[in-house]
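> Mind the numbering: the sequence shown is residues 113 to 418 in the working numbering, read in order. We put the CB at the ideal spot given by N, CA and C, even for glycine. First the structure, then my questions, so here it is.
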Amino acid sequence: MNDILAKLLPLVVALVFAPLAMGIIQKVKAFFAGRKGFPVFQMYRDLYKLMHKGIVYSRSTTWVFRLAPLLVLAVSLIAVAWLPLGGLRGLFSFQGGFIFVAYLFGLARFATLLASLDTASAFEGMGANREALFAILAEPATLLAFAALILTSGNSSLWGAISWGQESSFAEFGVVPLLALVSFFILALSENSRIPVDDPTTHLELTMIHEVMILDNSGPDLAYIEYASALKVWFYLVLMANIITAIFSISGWAQILAMFGFAFLLAGIIGVVESSIARLRMKKVPDFIGSAVAFALLALVLEGIL
């Protein structure tokens, strides 16, 4: 029983703290803009309000549009269930599990694309086209970054790939994990539609990617999508936090506490990045995402595989 509870803990933590991480990002952005901003718990209130609103469906939509928000949330929950929390393994773990997790998020993206096309809206179709294009670059970068960590750790499970450093020293693995970490940070911005790839707060359809695909969603459906987005951000934050704790060989309960600290620190860094640089022109976005591929490939070269 204790073992089951320990495996459930990372999932429960993700469910509780994912909206808080989003609040920290928004609070940091407000600080740099010279505004007081919303409280860090604002997303909890927003989700509560959305869950109590009605849903409006366009006449052009089918069951695909109605199913997509639930599917996106369900897939995101399953993906987060694989995520380790410090020294605690996720609810699920097996060799090669990182591939399964990567394509769980791919399935969520596919459902969102289909739902946006199901609305018969030219604007949402434009956003779906952009999302599909950028995913072509983001998915290889994800797999290559994981491959570098797998070669470093000698373990292809998600837990083993990012939790290898408890009994190692920094000199033993060199800069390979650091390069993978940079690659994952770039992916965290691109995969979660953050600046400089996309602006989650914009209302200009011609410049949106993710937000334009969910323009027709409302009420609980929009709450499911927003919550799933927060879970995906939390996934990347904890993924990077675990890599950092492994690099510094932090173990035990100190690792869990450090993981929380690094996760929220990374959320703040995302807020700083979004406050410091402008959104890229659309034709420059592939170059930015391609840099994640470059860092991952460099990590593999240094590891001696290529």
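Look at the alpha carbon of valine 206 and the alpha carbon of leucine 270, and state the distance between them as a whole number of angstroms.
Along the sequence shown, read from residue 1 onward, the residue named residue 206 stands at position 94. Along the sequence shown, read from residue 1 onward, the residue named residue 270 stands at position 158. What sits at residue 206 in the sequence shown is phenylalanine, not valine. C-alpha separation (whole angstroms): 8 Å.
> From the DSSP output, which residues share a beta bridge with leucine 197?
Indexing the sequence shown from 1 puts residue 197 at position 85. In the DSSP output, where bridge partners are listed per residue, leucine 197 has Leu200.
> Can we say the segment 297-311 touches the segment 319-338, given the rule of at least three CB pairs closer than 8 Å?
With a cut-off of 8 Å, the segment 319-338 and the segment 297-311 count as touching, because enough Cβ pairs lie within range.
> Determine the extent of the alpha helix (DSSP H) in which valine 287 is found, giving its start and end residues.
One-based indexing of the sequence shown puts residue 287 at position 175. In the DSSP annotation of this structure, valine 287 is not part of any alpha helix (DSSP H), being labelled neither H nor E.
> When the Cβ atoms of the segment 341-360 are set against those of the segment 282-301, are three or more pairs found closer than 8 Å?
The segment 341-360 makes contact with the segment 282-301; the number of CB pairs closer than 8 Å reaches 3 or more.
> Entirely within the segment 201-263 and at least 4 residues each: give me those alpha helix (DSSP H) ranges in chain order.
209-230
> DSSP three-state call for lysine 161: helix, strand or coil?
Position 49 of the sequence shown holds residue 161. DSSP places lysine 161 in helix when its eight states are reduced to three.
> Check whether the segment 324-333 and the segment 246-263 are in contact - that is, three or more C-beta pairs closer than 8 Å.
no
> When the Cα atoms are used, what is the spatial distance from phenylalanine 177 to isoleucine 190?
Translated into positions along the sequence shown, residue 177 becomes position 65. Translated into positions along the sequence shown, residue 190 becomes position 78. Spanning the two alpha carbons is a distance of roughly 21 Å.
> State buried or exposed for valine 413, treating a residue as buried only when at least 16 other CB atoms are found within 10 Å of its CB.
Numbered from its first residue, the sequence shown carries residue 413 at position 301. Classification of valine 413: exposed, given that the 10 Å Cβ count is below 16.
> Put leucine 327 into one of helix, strand or coil per three-state DSSP.
One-based indexing of the sequence shown puts residue 327 at position 215. Leucine 327 falls in the coil class under three-state DSSP.
> Please look up how many angstroms separate the CB atoms of phenylalanine 258 and alanine 244, rounded, as I've assumed it's under 8 Å.
To locate residue 258, count along the sequence shown from 1; it is residue 146. To locate residue 244, count along the sequence shown from 1; it is residue 132. That belief does not hold up - the Cβ atoms of phenylalanine 258 and alanine 244 are roughly 22 Å apart, past 8 Å.
> For a test of the three-state rule: what should DSSP assign to aspartate 399, helix, strand or coil?
The sequence position of residue 399 within the sequence shown is 287, counting from 1. Per DSSP, reduced to three states, the secondary structure at aspartate 399 is helical.
> Looking at the structure shown, is alanine 408 part of a helix, part of a strand, or coil, going by DSSP?
Counted from its first residue, the sequence shown places residue 408 at position 296. In the structure shown, alanine 408 sits in a helix (DSSP, three-state: H, G or I).
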